[in-house]
Every structure is written in C-alpha cells, then in structure tokens.
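Sequential numbering from 45 applies to the sequence shown in the numbering used here.
Report on the structure given below.
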Amino acid sequence: RNPVSYEGGEMYYTPRQRAKWQLLSMVVLGTLGMLEFVCTVLMGRLRGTWVAEQWPYYDRAQQATAFIEDIQMTFCSKLGHILSFKLNEWENHRTGTQYINGLISKVVCHELWNRF
45 RNPVSYEGGE
55 MYYTPRQRAK
65 WQLLSMVVLG
75 TLGMLEFVCT
85 VLMGRLRGTW
95 VAEQWPYYDR
105 AQQATAFIED
115 IQMTFCSKLG
125 HILSFKLNEW
135 ENHRTGTQYI
145 NGLISKVVCH
155 ELWNRF
C-alpha cells in the first residue's frame, strides 16, 4: 500500500528497495561516463598519432577529431537523458518532489560529466 495516497493499487518501494534501484542508476550512468572518458582519450591519441606521423590531411586532424568528439557528446547526451528518465521512473519515488529531485540530479551530473 502506498504510504502517500494509501491506495493499494500503486507499487511502493521501501527505502531499501529504492536504494537498490538508485545504485543501479549510478552504475549505469557511471558506466556511460567511463565509456565517454575512454572514447575521449582514444580520440586524443588518434589526433596525436595523426599529426605526429603526418597522415593524409594531418593539418585538419584537429577539426576532424573535434567533429567526431562533438558527435560523441551529442549522442551520449541524448542517451544520458533517455537513461536518466527511465532509471528515475524505475526508482518509483514516493512524491513528485523526490521524483523531480532525482531526475535533476541524474541529468545535471551526466551533463556536467558529458560537457566537461
């Protein structure tokens, strides 16, 4: 039974059950963040190798890799928003305020990581 509305038809998670879902959310978004980090490092290495070994169009390596990084950031931003919404819904917060606060924290943390 839901402790807020006292309706029996709504699913309610105890704080311990919700903590499991929150941990899952952190792991999923953290994994996405680490994937972004690894891709950024690999792109930096590619740029360095491209210039050092003077591959074709090495004078354009900075622009080309920056464009690829931009695509990566845009894709990961969209994926992060989708995951944040889905994971936040799975956590099944008790009130609207808790729901909004959880969503804000996920989206802001992901965007800060993604952009900086």
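Note that the Cβ used here is the ideal one computed from N, Cα and C, for glycine as well.
Open item on the list: Rounding to the nearest angstrom, what Cα-Cα distance links R45 and L90 in this structure?
Closed with: Any reading at R45 is ruled out, since the residue's pLDDT is 49, under 50, leaving its predicted position unreliable.
Task: Cα-Cα separation between L131 and M117, rounded to whole angstroms - done: Rounded to the nearest angstrom, the two C-alpha atoms are 20 angstroms apart.
Open item on the list: Please return the same chain residues whose Cβ sits closer than 7 angstroms to the Cβ of G146, not counting the five positions on each side in sequence.
Closed with: N132, E135 and H137
Task: Opening and closing residue of the alpha helix (DSSP H) in which E80 lies - done: P59 to A96
Open item on the list: Pairs of beta-carbons, one from the stretch 74-89 and one from the stretch 117-128, closer than 8 angstroms: are there three or more?
Closed with: yes
Task: Close Cβ partners of A105 (< 6 angstroms) along its chain, the five nearest in sequence each way excluded - done: Within the same chain, and ignoring the five residues on either side of A105 in sequence, the residues whose Cβ sits closer than 6 angstroms to its Cβ are R91, W94 and V95.
Open item on the list: Taking 7 angstroms as the limit between beta carbons, can you name the residues of its chain near Q98, skipping five residues before and five after?
Closed with: Within the same chain, Q98 has no close Cβ partners at all.
Open item on the list: Quick check on the DSSP output: the alpha helix (DSSP H) that includes D103 runs from which residue to which?
Closed with: Unbroken run through D103: none, as it is neither H nor E.
Open item on the list: Let me confirm a value: L127 is counted as buried when at least 16 other C-beta atoms fall within 10 Å, else exposed. Which label applies?
Closed with: It counts as buried.
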